[in-house]
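Enquirer: Numbering (the numbering used here), first residue to last: 11 to 75.
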Amino acid sequence: MMEKLMSAQNRQSIRTAEAESTVYLGPKAFELLQQNEIRKDDVLSVAIIAGIMAAKKTSELIPLC
11 MMEKLMSAQN RQSIRTAEAE STVYLGPKAF ELLQQNEIRK DDVLSVAIIA
61 GIMAAKKTSE LIPLC
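#1: Whole angstroms are fine: how far does the CA of Gly36 sit from the CA of Met50?
#2: Just to confirm the assignment, what range does the alpha helix (DSSP H) spanning Gly61 have?
#3: With the cut-off set at 9 Å, would you say Ala29 and Ala65 are in Cβ contact?
#4: Taking Ala39 as part of the alpha helix (DSSP H), name the residues at either end of that continuous run.
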């Protein structure tokens, strides 16, 4: 008996994802961050963008994702 493969090409599906992170900082770095006195760019925005870029690579890094 021969099984037929069904095409999933026209199926609609809802895909969702959740992410969570933890950042560990020393007391001095935390204080500088709270007071927005870090000399480099906005580190929180850079971290958020890095997370978005990493999430977009998920399908390349995890098979069948």
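Each residue gets a CB set at the ideal place from its N, CA and C atoms; glycine is no exception.
Expert: A quick look at the data gives this:
#1: The question names Met, yet the displayed sequence has Lys at residue 50. About 17 Å.
#2: 53-66
#3: yes
#4: 37-44
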